[in-house]
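Chemist:
There are 2 protein chains.
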Amino acid sequence: MRQVAENILKERKSRVLHAVIHEYIKTGKPVGSSSLEKGYNFNLSPATLRSLMAELEKDGFLTHPHTSAGRIPTDAGYRAYVDSLIELQRLAVEEEEIIKKEYEKKTKEIDSLLSQTSKILSGLSNYTGFVMAPKAKNNEIRNIELIQISSEQILVVLLTKTGLVRHKMINISIDSDDLYELKHFLNSKLRGISLEEASKRIIVEVQKYQSKQQDMFKLAGYISNVIDSIQDDIYMNGASNVLAIPDFNDFESARCLMNLNEHKDRLIEIIGKDLDISSIKVQIGGEGNSAELKDLSVITTSYSDGNKTIGVLGIIGPKRMEYDKMMALVNSVSKIVNGFLLKMGEDSDD
Amino acid sequence: MRQVAENILKERKSRVLHAVIHEYIKTGKPVGSSSLEKGYNFNLSPATLRSLMAELEKDGFLTHPHTSAGRIPTDAGYRAYVDSLIELQRLAVEEEEIIKKEYEKKTKEIDSLLSQTSKILSGLSNYTGFVMAPKAKNNEIRNIELIQISSEQILVVLLTKTGLVRHKMINISIDSDDLYELKHFLNSKLRGISLEEASKRIIVEVQKYQSKQQDMFKLAGYISNVIDSIQDDIYMNGASNVLAIPDFNDFESARCLMNLNEHKDRLIEIIGKDLDISSIKVQIGGEGNSAELKDLSVITTSYSDGNKTIGVLGIIGPKRMEYDKMMALVNSVSKIVNGFLLKMGEDSDD
DNA sequence: ATTTAGCACTGTTAGTAATTGAGTGCTAAA
DNA sequence: TTTAGCACTCAATTACTAACAGTGCTAAAT
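These protein sequence lines are chains A and B, in that order.
Here the first sequence is numbered in the numbering used here, starting from 50 and rising by one per residue.
Here the second sequence is numbered in the numbering used here, starting from 50 and rising by one per residue.
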């Protein structure tokens, strides 16, 4: 009996929390007891709401900017709110349509697919969208091409199953027959192997092969280096959108975001670990780890090529954002990307 | 006699203009008559300076933010000032050293050279640096590689004399012998030809060649398209620096800059025409053409590969900047880039 | 004919005070 | 347990003032 009463209380309290956050997201102003009473139909008086809000404040979910102001959510409040959005709200049908249309132009290389995706995320959220390209190291090699440019320059072109193309020029003089031989050898041995694996294996294989030439061994070493130096790519769009957010008087966050835009490696650091998660993840105000995001929230999810997750995508926006919609957006887009990648993978299995 | 008097007057007036601008650049505050008298040694009283400033205002070089404030330069004032900086101030020796050191890691592909250059420009100016890659259409082809990926996919890899590497996947099924033949044919006919020229000539040549196969003709068409679709690249760094400028309370400019960062084509539009100039060009406050730059100034110059100018580089900063130093920086960096490109060109002529 | 000193004038800035109002917490009654 | 009532608090707005920096003009000085 007592238990039940407590549960009801708890549920009501959380309903109040939701209402406050919802209202705050909508208006951007601290919400007071009376505005809550009007907009949402608790059958409770402002006074009761006030005491509930006071409790929520004691619990750490709400704060006061000052004594005579309404409540605003703390990071913990947002967190509780987001966690309770278990069921992802479906995107409206028209919105789904828009997304699909955006993808209309078929893209053969993964780079353009992802860059497009980042633009879509940014365009539909009106915040900053980003897509981390397939974790380079996990990509499987489809083709290695060695192109003799001059007597002492070789252009290495790498193509992966996912459609990633990377190239690099290296300086070495090598006999062109040897080059041809090495190329076929590498392709036969490395196709289907992940880059990470390949980089290690190249050396081993070439040694096994008893390379007649020291040159070949040297070149193999270079190629291994090329593979190692492949950077994870990240696409980012709409950083300027954040500056357009009305209650963003604060240059600092804007600068941080622009900095992230330029130092992508830092962003990779922040979201790279989200590769493991399969659901939607919301990081509120940097949540301790990253001071530069203290006024921003990051919504991420991973995407996969059918077998395993290969990258991360999402949006960066203000802490005060419509989490439900944005989570749905991110979720939806990732599903669609999955679909495309699956198709691209199938196309290449011939 | 009268003429002389007028000249003296004029010279003095322009000295006052310079002093005002210089002081304003230094302090950021409107400059009044008495601060001018103290800091610079005109042997004139504040009253005289006042009347001179009033004349300069009538001439359109200075304004008043309000009645009881000092003067600040108008765009025309900056313009007159910049135009009179005929002699480029040499960069301090240490600074030259810094730049050279930054370039230490030799780069074989032009992409990394230019990206590095953009970072240097941004780093040393503390504003936004940019480098427009060699006008793609003017690049001369060094090598065309056609790589068969699967029975119906060809990866086209283009390499230019300046070290630009571009690739694109195209969907077509073609006999591999034909592919080989076409590749050698294209290379023999197009090497040394500019991209622009090449795109047109491919079709003609293949027709002349009496291609046995319809496929070959079709592929040639695709390749021509690939060449046409090569975009001018632009590297940009330090956009966030502009947000750090203390007297930049104005979000609008910051947003515009971020927008430029994302829509590089717009930037290309703005600075693309500077390819023709050989000296340093300063564009103050967008100077009519581009509203988005109304609170910013752009300093550009072109760089060359030894024969002709192939790209544009420079910085974007606030209107109130140390034009002399920044012009020297841009000038210096462009000279150094010239040197590198010349060397790269020589290396490839073997 | 210039230059300069003197002075009245003007608009910004900073500081103080008064007022308003939204919203709170507490208490006592329903 | 809920609610009405009330005193209280603090930010935000407004109004007013004083200080100040700098101007433009005029008349005297060079």
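Note that beta-carbon positions come from the ideal geometry of N, C-alpha and C, so glycine has one too.
This structure is a prediction, so every number in the text was calculated from the model and none was measured.
Beta carbons nearer than 7 Å to chain A: which residues of the segment 223-236 of chain B have them?
Modeler: none
Chemist: Could you spell out where the beta strand (DSSP E) holding P79(A) opens and where it closes?
Modeler: That residue, P79(A), is in no beta strand (DSSP E); it is neither H nor E in DSSP.
Chemist: For R139(A), count neighbouring C-beta atoms within 10 Å of its own C-beta (all shown protein chains included) and say buried if the count is 16 or more, exposed if not.
Modeler: Residue burial is scored here from C-beta neighbours: R139(A) has fewer than 16 other C-beta atoms within 10 angstroms and is therefore classed as exposed.
Chemist: Helix, strand or coil for N56(A)? Go by DSSP, reduced to three states.
Modeler: For N56(A), the predicted model reports a pLDDT of 45, less than 50, meaning its position is unreliable; a value from the coordinates is still stated below. Note: N56(A) maps to helix in three-state DSSP.
Chemist: Since G366(B) and M375(B) should fall inside the 8 Å C-beta cutoff, what is the C-beta to C-beta distance between them, to a whole number of angstroms?
Modeler: 7 Å
Chemist: Straight-line CA distance for S401(A) to N286(B)?
Modeler: Only positions 50 to 399 of chain A appear in this structure, which leaves residue 401(A) out of reach.
Chemist: Thinking C-beta only, is L111(A) closer than 9 Å to L404(A)?
Modeler: The requested residue 404(A) does not occur in the structure, where chain A is confined to residues 50 to 399.
Chemist: Are at least three pairs of beta-carbons, each pair with one atom in the segment 265-278 of chain B and one in the segment 243-253 of chain B, less than 8 Å apart?
Modeler: Contact holds between the segment 265-278 of chain B and the segment 243-253 of chain B, because three or more Cβ pairs, one in each stretch, are under 8 Å apart.
Chemist: Nearest to K267(A) by CA position, among C305(A), D224(A) and V291(A), is which residue?
Modeler: D224(A)
Chemist: Say whether chain B places a C-beta atom closer than 9 Å to the C-beta of M181(A).
Modeler: no
Chemist: If the cut is a Cβ gap below 8 Å, which residues of chain B does H216(A) touch?
Modeler: Chain B residues near H216(A): V206, V214 and H216.
Chemist: Is the CB-CB distance between L207(A) and I279(A) below 9 Å?
Modeler: yes
Chemist: Closest to K78(B) by C-alpha separation, out of H115(B), T97(B) and A96(B), would be which residue?
Modeler: Measuring from the Cα of K78(B), the nearest candidate turns out to be H115(B).
Chemist: When the Cα atoms are used, what is the spatial distance from G126(A) to G81(A)?
Modeler: 16 Å
Chemist: Is the beta carbon of V382(A) sitting closer than 9 Å to the one on I148(A)?
Modeler: yes
Chemist: Please tell me whether M265(A) has its Cβ less than 9 Å away from any Cβ of chain B.
Modeler: Closer than 9 Å to the CB of M265(A) there is not a single CB belonging to chain B.
Chemist: Mind checking if V382(A) is an interface residue toward chain B, Cβ cutoff 9 Å exclusive?
Modeler: no
Chemist: Considering only their Cβ atoms, is the gap separating S243(B) from K186(B) smaller than 9 Å?
Modeler: yes
Chemist: Looking at chain B, is there any beta carbon in it that lies within less than 9 Å of the beta carbon of N175(A)?
Modeler: no
Chemist: Helix, strand or coil for Y89(A) per DSSP?
Modeler: coil
Chemist: Go ahead and label H71(A) buried or exposed: buried means 16 or more other beta carbons lie within 10 angstroms of its beta carbon, across all protein chains shown.
Modeler: buried
Chemist: Check whether the Cβ atoms of G335(B) and K343(B) sit closer than 9 Å, and answer yes or no.
Modeler: yes
Chemist: Could you name the residues of chain B that M393(A) contacts, counting a contact when the two beta carbons are closer than 8 Å?
Modeler: Around M393(A), no beta-carbon contact reaches into chain B at under 8 Å, the shortest distance being about 11 Å.
Chemist: Using DSSP with H/G/I as helix, E/B as strand and the rest coil, what is Y176(A)?
Modeler: coil
Chemist: Could you tell me the distance, in whole angstroms, from the CA atom of D124(B) to the CA atom of M370(B)?
Modeler: 13 Å
Chemist: In its own chain, which residues sit with a C-beta less than 7 Å from the C-beta of S167(A), not counting the 5 before and 5 after it?
Modeler: Cβ contact annotation for S167(A) (same chain, cutoff 7 Å, sequence separation greater than five): G178, F179, V180, Y284, M285 and N286, in chain order.
Chemist: For the beta strand (DSSP E) holding R215(B), just list the boundary residues, first then last.
Modeler: V214 to N220
Chemist: Who are the Cβ neighbours of R51(A) in its own chain at under 7 Å, not counting the five residues just before and after it?
Modeler: Since pLDDT at R51(A) reaches only 37, below the 50 mark, its modelled position is unreliable, and the value read off the structure follows with that caveat. The answer is none, since no qualifying residue turns up.
Chemist: Examine chain A for any beta-carbon lying closer than 9 Å to the beta-carbon of N310(B), and answer yes or no.
Modeler: yes
Chemist: Return no unless some Cβ of chain B is closer than 9 Å to the Cβ of S328(A).
Modeler: Any Cβ of chain B closer than 9 Å to the Cβ of S328(A) would place that residue at the interface, and such an atom is absent.
Chemist: Compare the beta carbon distance of I198(A) and R191(B) with 9 Å and say whether it is the shorter of the two.
Modeler: In this structure, R191(B) lies closer than 9 Å to I198(A) by Cβ.
Chemist: Would you mind reading off the limits of the beta strand (DSSP E) that contains P367(A)?
Modeler: Where P367(A) is concerned, the enclosing beta strand (DSSP E) stretches over T358 to P367.
Chemist: Residues of chain A with a CB under 8 Å from the CB of R120(B): which are they?
Modeler: Correct list: empty, because the minimum Cβ distance to chain A is about 28 Å.
Chemist: How is the beta strand (DSSP E) around L292(A) delimited, first residue to last?
Modeler: Element bounds for L292(A): not the beta strand (DSSP E) but the alpha helix (DSSP H), A288 to L292.
Chemist: What's the call for Y372(A), buried or exposed, on a 16-neighbour Cβ count within 10 Å?
Modeler: buried
Chemist: Leaving out the 5 sequence neighbours to the left and right, which residues in its chain are closer than 6 Å to M265(B) when beta-carbon positions are compared?
Modeler: D227 and L231
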